[in-house]
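Chemist:
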Amino acid sequence: MSLSVRGQPYKIPEYSLTGDLLAYLVCGLQYRYYSRGSLPPSTPVQLWFGEFIHGVMEEAYLEWKQSQRRKRFPWNWDPDIREIELRINQRLRTRGLNPPPRLFCPYDSSFNREGWCSDTNHPHRLIASERTEAAINTWGQHLFPLIDDPEVRLKGIREMPNYQPGISRCNYYGITGVIDVISSVNLQDAPSGNLILHYIHQNHELQQIITNLATTEYEIIIDYKGMRRPPTNDPTWQHHEWQILTYAWLRSQQPQSISIVAGIIFYLNELALSIEDLRELQKDIANN
Numbered sequence: 000m001s002l003s004v005r006g007q008p009y010k011i012p013e014y015s016l017t018g019d020l021l022a023y024l025v026c027g028l029q030y031r032y033y034s035r036g037s038l039p040p041s042t043p044v045q046l047w048f049g050e051f052i053h054g055v056m057e058e059a060y061l062e063w064k065q066s067q068r069r070k071r072f073p074w075n076w077d078p079d080i081r082e083i084e085l086r087i088n089q090r091l092r093t094r095g096l097n098p099p100p101r102l103f104c105p106y107d108s109s110f111n112r113e114g115w116c117s118d119t120n121h122p123h124r125l126i127a128s129e130r131t132e133a134a135i136n137t138w139g140q141h142l143f144p145l146i147d148d149p150e151v152r153l154k155g156i157r158e159m160p161n162y163q164p165g166i167s168r169c170n171y172y173g174i175t176g177v178i179d180v181i182s183s184v185n186l187q188d189a190p191s192g193n194l195i196l197h198y199i200h201q202n203h204e205l206q207q208i209i210t211n212l213a214t215t216e217y218e219i220i221i222d223y224k225g226m227r228r229p230p231t232n233d234p235t236w237q238h239h240e241w242q243i244l245t246y247a248w249l250r251s252q253q254p255q256s257i258s259i260v261a262g263i264i265f266y267l268n269e270l271a272l273s274i275e276d277l278r279e280l281q282k283d284i285a286n287n
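Under numbering that gives the first Met the number 0, the letters of the sequence shown match residues 0 to 287, in that order.
#1: So, is residue 189 buried or exposed, given that buried needs 16 or more other C-beta atoms within 10 angstroms?
#2: Determine the DSSP secondary structure at residue 51, reduced to helix, strand or coil.
#3: State the Cα-Cα distance for the pair residue 48 and residue 84, rounded to the nearest angstrom.
#4: Answer yes or no: do residue 185 and residue 216 have a C-beta to C-beta separation smaller than 7 Å?
#5: Please state the DSSP three-state secondary structure of residue 270.
#6: If you run the structure through DSSP and keep just helix, strand and coil, what is residue 106?
#7: Decide if the region 74 to 82 is in contact with the region 92 to 100; the criterion is three or more beta carbon pairs, one per stretch, under 8 Å apart.
#8: Residue 209 and residue 260 look like a contact to me (Cβ under 8 Å); what is the Cβ gap, rounded to whole Å?
#9: Please classify residue 132 as buried or exposed, where buried requires at least 16 other C-beta atoms within 10 Å of its C-beta.
#10: Does DSSP put residue 101 in a helix, a strand or coil?
#11: Just verifying my parser: in three-state terms, what is the DSSP assignment at residue 34?
#12: Which residues mark the beginning and the end of the beta strand (DSSP E) in which residue 85 is found?
#13: Tell me whether the region 48 to 62 and the region 215 to 230 touch, counting them as touching only if at least three CB pairs, one residue from each stretch, are closer than 8 Å.
#14: If you run the structure through DSSP and keep just helix, strand and coil, what is residue 231?
#15: Three or more beta-carbon pairs under 8 Å between the region 224 to 240 and the region 198 to 206, yes or no?
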């Protein structure tokens with residue numbers, strides 16, 4: 000009696016631009032350890048703050064949406080923003096992400112020891128809190144009214160390049176991504192005095208695209224970065240362009256999507272620069 004051999008299951012591999020491709024381009028060995036070997040990062044400063052600022056902005060938007068009192072800006076750091084910070088920090092701690100020292104004060108006024116801070120006068124408004132306060136009070140009143148969907152998870156497939164039947168793993172591969180914010184704008188009821196729309200409509204190229212649209216509605220893709228703005232000759236600058244364009248392509252594959260006219264990246268760290276950020280900014284300016 001002959002037994003048949005079960006074939007390999009047909010499974011389309013999925014990749015994330017940020018979690019796979021860009022992480023691999025930074026360091027292939029590091030990508031292997033972190034992404035495939037599940038080794039936790041040894042110095043997760045940027046990882047923690049990136050997750051932190053995303054969580055704070057999303058939570059602030061939800062509170063703005065649900066509370067009439069939150070419609071008024073600016074918000075006070077303590078207690079308005081501070082309550083959000085502590086909730087997000089607690090969520091990150093349950094995932095094993097702890098705030099690095101001298102970046103964020105995780106204690107309330109009842110904590111009577113120094114902990115990771117320089118003294119016992121908790122809570123301290125350290126650099127992470129300065130940036131969350133600046134981000135909400137600078138952009139919240141302009142960004143929140145435009146938000147149609149926060150944290151949109153997208154998937155798409157493409158043909159596998161150089162596919163060889165019987166040799167290649169699969170004839171397609173999947174692309175995944177998470178868009179921080181999709182803003183849906185209707186020209187007929189767009190909020191007046193909105194700084195984001197002002198900048199978009201002042202751009203001649205974008206204004207031509209909007210004028211030639213078949214409808215009065217369009218979308219904007221917005222991404223937050225918990226980092227300094229990279230110099231234009233740095234590979235990271237191009238990587239961020241790839242990211243926003245990939246998100247636009249993924250969004251365009253969805254049946255309910257409408258025309259995407261712009262992608263905007265907010266480098267939130269530059270709202271409150273550290274001493275090291277200022278030094279790097281000086282170098283960038285000196286090098287044009």
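Here a beta-carbon is modelled for each residue, glycine too, at the ideal position from N, C-alpha and C. From a predicted model like this one, the values you see are computed outputs, not experimental measurements.
Modeler: Put simply:
#1: exposed
#2: helix
#3: 11 Å
#4: yes
#5: helix
#6: coil
#7: Judged by pairs of C-beta atoms under 8 Å, the region 74 to 82 does not touch the region 92 to 100, as fewer than three such pairs exist.
#8: 6 Å
#9: buried
#10: coil
#11: helix
#12: It is not in any beta strand (DSSP E) - residue 85 instead sits in the alpha helix (DSSP H) that spans 81 to 93.
#13: Remark: three or more beta-carbon pairs, one from each stretch, lie closer than 8 Å, so the region 48 to 62 and the region 215 to 230 are flagged as touching.
#14: DSSP, reduced to helix, strand and coil, places residue 231 outside both helices and strands of the structure shown, so it counts as coil.
#15: no
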